[in-house]
Amino acid sequence: MAIASTTHFCEKCRKTMDASNFYISKNTEKYAPDGRMNICKKCLTMHVNSWEPTTFIGILKEIDVPYIDTEWNGLLDKYGKDPKKVTGVTILGRYLSKMKLKQFAHLSWADTEEIMAEGAKKKKIQEAQILAQKNRYAAALTSVDISRFEGKTPEDLTDEDYENMTDEELGLIFAQPNQKPVEQDDWAPYVDDTPKIERPEDTLTPEDKMYLTLKWGKLYRPEEWIALEQFWYKMDKSFDIQGAAHEDYLKMICKTSLKMNQAIDCGDIEGFAKLQKAYDSLMKSAKFTAAQNKADSGEFVDSVGELVYLAEEQGFIPRFHNDEPKDIVDVTLNDMKGYTYKLVTEEMGLGNMIEAALQQMQREQEQEEGELDENDDFLNPESTEVLEDADYQEYYDELEAQVEQDGKLMEGV
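Numbering follows numbering that gives the first Met the number 0, in which position 202 of the sequence shown is assigned residue number 201; successive positions increment by one, without gaps.
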């Protein structure tokens, strides 16, 4: 879509401003030629309340984009946490930018009703599924087999209650939406063809559960215990864990790592960021660094004894050790020494050159001394002739004679 000009006139505030201060509508027939609206963003959104759809629905209609409540509310949850900082364009501007994405670009305001109806339908289906699951919970909890939990909801049950349930009781409560509960006497037999997948927690013995409970606490499920133990084992193999304090740090690190994974899995990015800072702080405080890593310990020398062992592994090092192969520096030094030796011993005229250079140096020194003697005579007061008064008088008489002669010459001209 071509932009006609870089400035545009607002019919409300009667100001001419940059064209970027105006929204562009898909309705180019009403807002010809380029779809740019005739009211600036500031004037158009001055009464917008991002929490009240009636205040911005009209704007979306004029711009010809659909209203998708889930998308709007998602932006509101992300950028509208502090209502004092939310202006009329905070959510609206981001929403219009999102509507330019490929999955929304083909939609217009006319599609709003259909989108809202489809969203309402999905919401009803979800509510029906939740209600059906609650009914299954209620039926399971009031059955004869687990009547001891009658009157409780799944939220009221404790970890101990769930641990004391049999697999049949758990199947009654947590039946899948497409799965019937365990048959009663008046029901037809139900055959579950779903392949059974052995869960790691099923392999835990009562002794294992007791040990894991004492180590990690009662607030974790069996699969979380296993995840904590696996991470503990990997860290114990990678680092040298010494002392109770170090073990306590490692426990905190394992628990934080578990919570980090759970936060990222459920999409809690803010919680994940906070946990990551705590995780990094614990790792630094416990000094779990690469230098302390057992797997990399071969790259570091931890004591003087190891250094001595490495030095004397092949026997004591001789005082003058010249048997090693030469590197490029040694070869270069040897070449320079050989060149200097040949230059001194094999150059035929080297003695004459040295003697001539010494004689030249001596002559230059004598010449400098002679120049100094002449300067001394010039600066010596005793060697300088003293002028008398008659000498000054003679000098001035000559000057007057020259002036008189110059005057006569000027008159002759």
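Note that the Cβ used here is the ideal one computed from N, Cα and C, for glycine as well. Since the model is a prediction, treat every value here as computed from it, not as a measurement.
Buried or exposed: where does His414 fall if 16 or more other Cβ atoms within 10 Å of its Cβ makes it buried? Only positions 0 to 412 of the chain appear in this structure, which leaves residue 414 out of reach.
Give me, in chain order, the residues of the same chain whose beta-carbon lies closer than 7 Å to that of Lys40; leave out the 5 immediate sequence neighbours on both sides. Working through the sequence shown from its first residue, we reach residue 40 at position 41. Hits under 7 Å: Asn20, Phe21, Tyr22 and Val88.
Less than 7 Å between C-beta atoms, sequence neighbours within five positions excluded: which residues of the same chain meet that for Ile240? Within the sequence shown, numbered from 1, the residue matching residue 240 stands at position 241. Correct list, in chain order: Glu246 and Leu249.
So Asp17 is in the alpha helix (DSSP H); what residue range does that whole segment cover? Walking along the sequence shown from the start, residue 17 turns up at place 18. It is not in any alpha helix (DSSP H) - Asp17 instead sits in the beta strand (DSSP E) that spans Thr15 to Asp17.
For Arg93, write down the residues that DSSP places opposite it in a beta bridge. Taking the first residue of the sequence shown as position 1, residue 93 is located at position 94. Note: Arg93 sits in no beta bridge, so no partner.
Contact set for Lys97: own chain, Cβ-Cβ below 8 Å, skip 5 residues either direction: Numbered from 1 along the sequence shown, position 98 holds the residue referred to as residue 97. Closer than 8 Å at the Cβ level, and outside the excluded window around Lys97, lie Glu70, Leu74 and Phe103.
Could you check the C-alpha separation between Asp63 and Cys12 for me, to the nearest Å? Here residue 63 corresponds to residue number 64 of the sequence shown, with the count starting at 1. Here residue 12 corresponds to residue number 13 of the sequence shown, with the count starting at 1. Each residue's Cα considered, the two are about 23 Å apart.
From the DSSP output, in three-state form, read off Phe230 for me. The residue labelled residue 230 in the question sits at position 231 within the sequence shown. Correct three-state label for Phe230: helix.
Could you check the C-alpha separation between Lys233 and Leu227 for me, to the nearest Å? For the purposes of this step, residue 233 is taken as residue 234 along the sequence shown, with counting starting at 1. For the purposes of this step, residue 227 is taken as residue 228 along the sequence shown, with counting starting at 1. Cα to Cα, Lys233 sits roughly 10 Å from Leu227.
Specify the secondary structure class of Ala1 as computed by DSSP and reduced to three states. By 1-based counting over the sequence shown, the position of residue 1 is 2. Here Ala1 scores only 44 on pLDDT, less than 50, and its place in the model should not be relied on; the value that follows carries that caveat. Ala1: coil per DSSP, three-state reduction.
Could you tell me if Thr255 is buried or exposed, where buried requires 16 or more neighbouring beta carbons within 10 angstroms of its beta carbon? As a first step, residue 255 must be located in the sequence shown, where it is residue number 256. So Thr255 counts as buried.
According to DSSP, Arg419 sits in a beta bridge with which residue or residues? The structure shown does not extend to residue 419, since the chain spans only 0 to 412, so no value can be given for it.
What residue range does the alpha helix (DSSP H) around His245 cover? Numbered from 1 along the sequence shown, position 246 holds the residue referred to as residue 245. Where His245 is concerned, the enclosing alpha helix (DSSP H) stretches over Gly242 to Asp264.
CB Asp17 to CB Thr27, shorter than 8 Å? By one-based count along the sequence shown, residue 17 stands at place 18. By one-based count along the sequence shown, residue 27 stands at place 28. No. Outside cutoff.
For Lys217 and Ala243, what's the separation of their Cα atoms in angstroms? As a first step, residue 217 is located in the sequence shown; it is residue number 218 there, counting from the start. As a first step, residue 243 is located in the sequence shown; it is residue number 244 there, counting from the start. Taking the straight line joining both Cα atoms gives about 21 Å.
Per DSSP, the bridge partner or partners of His7: In the sequence shown, counting from the first residue as 1, residue 7 sits at position 8. Answer is Met16.
Leu309, buried or exposed, once every other Cβ within 10 Å from all chains shown has been counted against 16: Numbered from 1 along the sequence shown, position 310 holds the residue referred to as residue 309. Exposed, since its Cβ has fewer than 16 Cβ neighbours within 10 Å.
Give the DSSP-derived three-state secondary structure of Phe238 in the structure shown. Counting from one through the sequence shown, the residue named residue 238 turns up at place 239. Residue state, collapsed to three classes: strand.
Per-residue DSSP class, three states only, for Ala104: Locating residue 104 in the sequence shown gives position 105, counting from the first residue. Ala104 falls in the helix class under three-state DSSP.
So, are the CB atoms of His46 and Thr54 less than 8 Å apart? By one-based count along the sequence shown, residue 46 stands at place 47. By one-based count along the sequence shown, residue 54 stands at place 55. Closer than 8 Å, so yes.
Per-residue burial, Asn177 [other beta carbons within 10 Å of its own, 16 or more giving buried]: Numbered from 1 along the sequence shown, position 178 holds the residue referred to as residue 177. For Asn177, the predicted structure reports a pLDDT of 47, less than 50, and the residue's modelled location is therefore unreliable. A value from the coordinates is still provided. Flag for Asn177 reads exposed.
Taking DSSP as the reference, what is the three-state secondary structure of Lys122? Locating residue 122 in the sequence shown gives position 123, counting from the first residue. Reduced to three states, the DSSP call for Lys122 is helix.
Between which two residues does the alpha helix (DSSP H) harbouring Phe413 extend? In the structure displayed, the chain extends from 0 to 412; residue 413 sits before or after that span and is not available.
Buried versus exposed call for Ile414 [16 or more other C-beta atoms within 10 Å across all chains shown]: In the structure as shown, the chain begins at 0 and stops at 412. Residue 414 is therefore absent and cannot be evaluated.
Quick check on Tyr30: buried or exposed, where buried means 16 or more other Cβ atoms within 10 Å of its Cβ? Within the sequence shown, the letter at position 31 stands for residue 30. So Tyr30 ends up on the buried side.
I need the straight-line Cα distance from Ile90 to Ile263, nearest angstrom please. The residue given as residue 90 occupies position 91 in the sequence shown. The residue given as residue 263 occupies position 264 in the sequence shown. If you take the alpha carbons of Ile90 and Ile263, they lie about 25 Å apart.
For Tyr394, which of helix, strand or coil comes out of DSSP? What you label residue 394 is simply residue 395 of the sequence shown in a count that begins at 1. It is helical.
What is the rounded straight-line gap between the Cα of Lys120 and the Cα of Ser107? By 1-based counting over the sequence shown, the position of residue 120 is 121. By 1-based counting over the sequence shown, the position of residue 107 is 108. Each residue's Cα considered, the two are about 20 Å apart.
Rounded to a whole number of angstroms, what is the C-alpha to C-alpha distance between Arg93 and Leu100? As a first step, residue 93 must be located in the sequence shown, where it is residue number 94. As a first step, residue 100 must be located in the sequence shown, where it is residue number 101. Their backbone Cα atoms lie some 11 Å apart in a straight line.
Same chain only: Cβ atoms within 6 Å of Leu211, ignoring 5 sequence neighbours per side: Looking up residue 211 in the sequence shown gives position 212. The answer, listed in chain order, is Trp224.
Reducing DSSP to helix, strand and coil, say where Asn351 ends up. Within the sequence shown, residue 351 is the residue found at index 352, counting from 1. Three-state DSSP puts Asn351 in a helix.
Could you spell out the range, first to last residue, of the alpha helix (DSSP H) harbouring Trp71? In the sequence shown, the residue the question calls residue 71 occupies position 72. That run of the alpha helix (DSSP H) goes Asp68 to Tyr78.
Would Leu274 pass as a contact of Lys258 if the rule is Cβ separation under 8 Å? The residue labelled residue 274 in the question sits at position 275 within the sequence shown. The residue labelled residue 258 in the question sits at position 259 within the sequence shown. Cβ atoms of Leu274 and Lys258: closer than 8 Å.
Quick one: Cα of Ile56 to Cα of Tyr66, how far? Locating residue 56 in the sequence shown gives position 57, where the first residue counts as 1. Locating residue 66 in the sequence shown gives position 67, where the first residue counts as 1. Going by the C-alpha atoms only, they are around 7 Å apart.
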